[in-house]
Amino acid sequence: MSLADSLDVRAGDPADLILRRATVLDPVAGIDGVHDVVVRGGEIAELAAPGEGAADGAEVVEAEGMHAFPAFFDPHVHLRTPGHEHKEDVETGTRSAAAGGYCGILAMANTDPPVSTAADIAALREQARAGASVPVGFMATVTKDMKGEDLTEMVELREAGAVGFTDDGLPIVSARVMLRALQYQRLCGGTIALHEEDPELSADGVMHEGPVSAALGLAGVPSVSESTMIARDAALAAYEDARIHVQHLSAAESVAVVRAAKAAEVKISAEASPHHLCLTDEEVRSLDPRRFKMNPPLRRESDRQALIEALRDGTIECVATDHAPHQDEEKDVPFEQAAMGVTGLETAFAALHTELVLPGTIGLELLVERMAGGAAPFGIERPTLAPGSEANVALCDLGAEWTVGDDGYESRSQNSWCAGRTLTGRVMVTLAAGQVAFRLRSFSLGVAS
Amino acid sequence: MRHLLAIEQLSREEIEAILDRAESFAEVGRRDIKKVPTLRGRTVVTLFYESSTRTSSSFELAAKRLSADLISVRSAGSSVDKGESLKDTVATLSAYDPAAIVIRHPYAGAAQMIAQWTGAAVVNAGDGKHEHPSQALLDVYTLRRRLGSLDGKRIWIVGDVLHSRVARSNLIAFQRMGAEVTVCGPPTLIPRGIEELGCEVSHSLERLGEAEVVYALRMQQERMSESFVPSLREYAATFQIDTRKLNPRQLLMHPGPVNRGVELSGEAIDSPQSLIAEQVAAGLVVRMAILYELLAGAERPTPLAEGEGTAPTPIGQPA
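Pasting the structure below:
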């Protein structure tokens, strides 16, 4: 099933174009070579020999030296609608995703009010069909209004089109409620995605607990506040043979728990964010909440290394941005008072390419694979460049240097953790669900004569 | 020095420059007319978002002794009560073109943050549990007068280190001045990883005797309800500094206000080895020196001729 069928996107003209002499890399499909990527009627018609693809009057993108990847899939985005449209909405959030090379995203349910009823899902899907640049799937909350007490009408929500369930933003504190949700999943399906944190341990913490929090006098969030909850929920999922997805892993202890659960064949998947893969709590010494305050917090270098190792060995199957837009007035306050979260859609690939691929920490194939790894855990088919499939393509110039923020953002908010950083690698064109979802303004498309 | 935001940002030389300046103001303080015209026509704003007695009063008196015009803003009863953001409050006050803003705020980094929003020199008078640099400077000043130098001296900081901005600033300042610092308290009140700041950690007063200086911290009542310690009684029994635990050659300090009978026994407070009153007196001259260094230090000659003897000219006397 194509992304256009399983998720919601604005209807538009199917793309007809050729990416001429692109270096095509789709590690999962086993494609690696220079081709003309011929897109006809929104499908990848063929991967022709370089220079051989017939234009037939279609647009020709001179892509020599550029890379065509399967476009990315982000299972963790905050679109902020309903209720906080001053931060983001379906239109700006999906534009931001398109600019980052994404062909699909999942929207979290911790809106105001939270997405807890079938009517909420129906309204959001309608918005997406009216204005989403890339396909969007909507998650519903596990518990009514995220209070952690009563389950939502999960069957009805699924029938209305909820992709899965999550109380993201908050943990499900009660083990009993968690167990009930996992039991009920047998009836309704839908992966349950978990924000893992024991609030008794994280309490009023605003950053990782360690030498930096000691030096700054900031209340710390111990790494075990995350790993102990994952251990609990992995045990519950094993007990009920249920399917869970652990969101935004941040600590080495958490990696160890997920790895052990996978070894025990628990149906568990996990994601990590670009900021946790690139940064450590040393950044917090700047006391800049706009770029460096988020939940879970940035942790130690040893945690970052554990996340990278987990990304390599598949313990973490996908990169997820946890794109969390906030307005300036929520960030222009002292660190402890500032809202948690950073944006990441527009910079995820470029940041990871710059920080992990260029220094040789991970290979380009691995990054490309993990950037789209967030679809499968939610039962969504992963994007591919295999001929005959729906065109979902990220065309990237891996040599392009750019300074984040210089050209503004597609997102309505500016709290990018990469603000001011110079990154190498830029998304030039994104095809999503067979449509041109994004093209960099300065990158004009030539039309074949 | 453009702002005083954190001891962490000061070199030993910069700390010494402020202390030397404070010495010269101590001399002014012994005169009948204690005021100097240095900051005449300039405005100092004190902006306090937390209660304070000694810090606010000594900064205000320091500004007056330097002949500055003073605006004192307390969050209670001001537009802060009406929901004005820190950024807007600072913009409003900056419209008066102050030379300096002295700020105390319940959250870390507030002083650093407002330094981006105002042309005034910013003085951190305490930001959350982060830093309290003027306290550290006055403590180093007090000790330097007693000991001559802090080089090689062993200083124990005892009590609730976790919630103390004084502990953090003093730990850094004492070390920067050459002292060896041990922090001591129950494990629940010592922040995880503090040893990476270069100090030793102890959970017992057994080796307190090796210290030349004992610096006790305030133990707050509310810590009981958060299970940091089971009871004040047990805390006092284990960590209270009293005259039996102190030996006569040790110096005793405390940032105030003291909980008599909790972190310190009454006898210890009133003992001759207690420097608590000297710390308060030092607060005034050190804060004068801070304002002077920030506002007049760069572009004006020192109030003392290089060398000793001449003090700043008191008001009403020919310069």
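So the sequence lines, in the order shown, correspond to chains A and B. Just so we're aligned, residue 115 is where the first sequence starts under the working numbering, counting upward by one. Just so we're aligned, residue 706 is where the second sequence starts under the working numbering, counting upward by one. For each residue, glycine too, the CB sits at the ideal point set by N, CA and C.
Beta carbon proximity, M924 of chain B to chain A, threshold 8 Å
As a first step, residue 924 of chain B must be located in the second sequence, where it is residue number 219. False, the Cβ-Cβ gap to chain A never drops below 8 Å.
Since W861 of chain B sits in a beta bridge, which residues does DSSP pair it with?
Counting from one through the second sequence, the residue named residue 861 of chain B turns up at place 156. Answer by DSSP bridge pairing, in chain order: B:T887 and B:V919.
Near P896 of chain B, what residues of its chain come up, given a Cβ to Cβ distance below 6 Å and the 5 sequence neighbours on each side ignored?
For this step, residue 896 of chain B is matched to residue 191 along the second sequence. If we look at P896 of chain B and ignore the five residues flanking it on each side, its Cβ neighbours are L867.
Which residue wins for smallest C-alpha separation from T538 of chain A, given the options A:I344, A:H467 and A:R414?
Indexing the first sequence from 1 puts residue 538 of chain A at position 424. Residue A:H467 is the option with its Cα nearest to T538 of chain A.
Are the stretch 310 to 327 of chain A and the stretch 259 to 275 of chain A touching by the rule of at least three beta carbon pairs closer than 8 Å?
no
Within 8 Å of any Cβ in chain A, is that where the Cβ of E901 of chain B sits?
Walking along the second sequence from the start, residue 901 of chain B turns up at place 196. Yes - at least one Cβ of chain A is within 8 Å of the one on E901 of chain B.
Interface residues of chain B around E450 of chain A at Cβ under 7 Å?
Counting from one through the first sequence, the residue named residue 450 of chain A turns up at place 336. Going along chain B in sequence order, the residues near E450 of chain A (Cβ under 7 Å) are Y812, A813 and G833.
Helix, strand or coil at V256 of chain A according to DSSP, with G and I counted as helix:
Position 142 of the first sequence, counted from the first residue, corresponds to residue 256 of chain A. Three-state DSSP puts V256 of chain A in coil, outside helix and strand.
What ranges does the beta strand (DSSP E) occupy inside the stretch 176 to 203 of chain A, keeping only unbroken runs of at least 3 residues that lie completely in it?
181 to 184 and 186 to 191
Kindly list, in the order they appear in chain A, the residues whose Cβ is closer than 9 Å to that of G898 of chain B.
On the second sequence, residue 898 of chain B is found 193 positions in, with the first residue counted as 1. Going along chain A in sequence order, the residues near G898 of chain B (Cβ under 9 Å) are E323, G324, P325, V326, S327, A328, A329 and G334.
Taking only beta-carbon atoms, is R870 of chain B less than 8 Å away from chain A?
Counting from 1 along the second sequence, the entry for residue 870 of chain B is found at position 165. True, the Cβ-Cβ gap to chain A drops below 8 Å.
For chain A, check one thing: does any of its Cβ atoms lie closer than 8 Å to the Cβ of L791 of chain B?
Start at 1 with the first residue of the second sequence, and residue 791 of chain B comes out as number 86. True, the Cβ-Cβ gap to chain A drops below 8 Å.
Between which two residues does the alpha helix (DSSP H) holding N875 of chain B run?
In the second sequence, the residue the question calls residue 875 of chain B occupies position 170. It spans R870 to R881 - the alpha helix (DSSP H) in which N875 of chain B sits, taken as one unbroken run.
Assigned secondary structure, H708 of chain B (DSSP; H/G/I helix, E/B strand, else coil):
Walking along the second sequence from the start, residue 708 of chain B turns up at place 3. Coil at H708 of chain B, not helix or strand.
Mind listing the chain A neighbours of Q817 of chain B? Cutoff is C-beta to C-beta under 8 Å, in chain order.
Position 112 of the second sequence, counting from 1, holds the residue named residue 817 of chain B. Ordered by position in chain A, the residues that pass the 8 Å Cβ test against Q817 of chain B are L401.
Tell me whether E789 of chain B sits in a helix, a strand or coil according to DSSP, three-state version.
As a working mapping, residue 789 of chain B is identified with position 84 in the second sequence. In the structure shown, E789 of chain B sits in coil (DSSP, three-state: anything other than H, G, I, E or B).
DSSP three-state label for Y216 of chain A, please.
As a first step, residue 216 of chain A is located in the first sequence; it is residue number 102 there, counting from the start. Here Y216 of chain A sits in strand by DSSP.
Beta-carbon proximity check, P128 of chain A vs Q441 of chain A, cutoff 8 Å
In the first sequence, counting from the first residue as 1, residue 128 of chain A sits at position 14. In the first sequence, counting from the first residue as 1, residue 441 of chain A sits at position 327. In this structure, Q441 of chain A does not lie closer than 8 Å to P128 of chain A by Cβ.
Please classify G334 of chain A: does DSSP put it in a helix, a strand, or coil?
For the purposes of this step, residue 334 of chain A is taken as the residue at position 220 of the first sequence. G334 of chain A: strand per DSSP, three-state reduction.
Just to check, is the beta-carbon of R426 of chain A closer than 7 Å to a non-hydrogen atom of the ligand NAD?
As far as ligands go, the structure on display features none, and thus does not contain the ligand NAD.
Alpha carbon to alpha carbon, how far is E911 of chain B from I946 of chain B?
Here the question's residue 911 of chain B lines up with position 206 in the second sequence. Here the question's residue 946 of chain B lines up with position 241 in the second sequence. Cα to Cα, E911 of chain B sits roughly 12 Å from I946 of chain B.
Give the residues of chain B in contact with E415 of chain A, contact being defined as C-beta atoms less than 8 Å apart.
In the first sequence, the residue the question calls residue 415 of chain A occupies position 301. Ordered by position in chain B, no residue passes the 8 Å Cβ test against E415 of chain A, which lies about 13 Å from the chain.
Return the residues of the stretch 853 to 878 of chain B that lie within a Cβ-Cβ distance of less than 7 Å from chain A, sorted by chain order.
R870 and R873
I'd like the ranges of any beta strand (DSSP E) spanning at least 3 consecutive residues and lying wholly in the stretch 287 to 369 of chain A.
Runs of the beta strand (DSSP E) inside the stretch 287 to 369 of chain A: 306 to 308 and 357 to 360.
Endpoints, alpha helix (DSSP H) assigned at R819 of chain B
In the second sequence, counting from the first residue as 1, residue 819 of chain B sits at position 114. A small fix is needed here, since residue 819 of chain B is Ile in this sequence, not Arg. Unbroken alpha helix (DSSP H) run through I819 of chain B: A815 to I819.
Once the 5 residues before and after S784 of chain B are set aside, which same chain residues still bring their CB inside 7 Å of it?
Start at 1 with the first residue of the second sequence, and residue 784 of chain B comes out as number 79. Excluding positions up to five away in sequence, the list reads T794.
Does any residue of chain B bring its CB to less than 8 Å from the CB of V447 of chain A?
Counted from its first residue, the first sequence places residue 447 of chain A at position 333. Taking Cβ atoms only, chain B reaches closer than 8 Å to V447 of chain A, which makes this a yes.
Using only alpha-carbon positions, find the residue among A:Q361, A:V191 and A:R243 that is nearest to L421 of chain A.
Residue mapping note: residue 421 of chain A aligns to position 307 of the first sequence, counting from 1. Of the candidates A:Q361, A:V191 and A:R243, the one whose C-alpha sits nearest the C-alpha of L421 of chain A is A:Q361.
Using a Cβ cut-off of 8 Å (strictly closer), state whether E443 of chain A contacts chain B.
Residue mapping note: residue 443 of chain A aligns to position 329 of the first sequence, counting from 1. It does; some Cβ of chain B falls within 8 Å.
Rounded straight-line distance, which links the Cα of H835 of chain B to that of Y812 of chain B:
The residue labelled residue 812 of chain B in the question sits at position 107 within the second sequence. The residue labelled residue 835 of chain B in the question sits at position 130 within the second sequence. Spanning the alpha carbons of Y812 of chain B and H835 of chain B requires a straight line of approximately 8 Å.
Closest to F492 of chain A by CA distance: which of A:H198, A:R418, A:D188 and A:M180 is it?
For this step, residue 492 of chain A is matched to residue 378 along the first sequence. Checked all of A:H198, A:R418, A:D188 and A:M180; the closest Cα to F492 of chain A is A:D188.
Assuming D832 of chain B and A815 of chain B are in contact, meaning their beta carbons sit under 8 Å apart, how far apart are those beta carbons, in whole angstroms?
Within the second sequence, residue 832 of chain B is the residue found at index 127, counting from 1. Within the second sequence, residue 815 of chain B is the residue found at index 110, counting from 1. That belief holds up - the Cβ atoms of D832 of chain B and A815 of chain B are roughly 5 Å apart, short of 8 Å.
Identify the residues that DSSP records as bridge partners of V778 of chain B: which are they?
Position 73 of the second sequence holds residue 778 of chain B. BP columns for V778 of chain B point to B:L752.
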